[in-house]
Amino acid sequence: MYLKSLTLRGFKSFASSTTMRFEPGINCVVGPNGSGKSNVVDALAWVMGEQGAKNMRGGAMADVIFAGTSQKPALGRAEVSLSIDNSDGALPIDYREVTISRTLFRSGGSEYAINGTACRLLDIQELLSDTGMGKEMHVIIGQGKLDEVLTSSAEDRRGFVEEAAGLLKHRKRKEKALRKLDSMQGSLTRIEDLTVELR
Ligand code: ATP
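Those letters in the sequence shown? Residues 0 to 198, by numbering that gives the first Met the number 0.
In structure tokens:
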């Protein structure tokens, strides 16, 4: 499995559709200061489900949408697509190439898709979660992140290891199941109350 290409359109400084193709192995993005190298990394994190505007180096999530320049007007939406070569079947889906996409509208709506079919953020997270990729998998080591890992508490460090080991998916499922159990318990209590009233 490797990243094949990344397409940005209306994302940060990338107003027009821009596609970067990658090869297996090490790929480098080079360019002068302010040319958008970090924006490319932001796009990778974003399409994999990043939810924190701060992690996108902005104040609000809409800040990822191209804000306009003296030559080009601001745009109404940001779109990023990431194509992954899955010929080794590392992703649990029956396609040799998988494209995940995310779109955000200035009006507030957002959309996710896998191979062009609309899906939930959760589907993307689950798809990536056994591969070591994904928002909380520490595949993106930003400036200052190493310091954060080295100075974190033992508990937080355990969290990093657990996520790297792929436990995130199971933890999320457990949380979801506990929430369902909780709401079931509420319904059961309500039924018991009604039964008593009806006696
Ligand atoms: P450096 O080498 O200095 O770290 P860089 O190549 O990583 O720079 P980025 O931080 O990726 O550069 O890009 C910064 C540029 O992106 C700035 O010119 C900024 O104005 C532009 N930019 C960020 N968000 C938007 C946006 N929403 N709309 C338009 N341009 C944006």
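Glycine is no exception: its CB is placed at the ideal position from the N, C-alpha and C atoms.
The stretch 185-195 and the stretch 139-153 do not touch, with fewer than 3 CB-CB distances between them shorter than 8 Å.
Counting along the chain, no beta strand (DSSP E) covers residue 34, and no H or E run does either. Judged by DSSP in its simplified three-state form, residue 55 adopts helix. Taking 4 residues as the shortest admissible run, the stretch 95-133 contains the following complete alpha helix (DSSP H) segments, listed from N- to C-terminal end: 120-128. Between residue 46 and residue 92, the C-beta gap is not smaller than 7 Å, which leaves the two residues out of contact. Bounds of any beta strand (DSSP E) do not take in residue 11, whose DSSP letter is neither H nor E. Residue 172: member of the alpha helix (DSSP H) spanning 167-197, first to last residue.
Not one heavy atom of the ligand ATP falls within 6 Å of the beta-carbon of residue 82. Between residue 3 and residue 82, the C-beta spacing is below 7 Å. In this structure the stretch 29-42 does not lie against the stretch 111-120, because fewer than three pairs of beta carbons, one per stretch, are closer than 8 Å.
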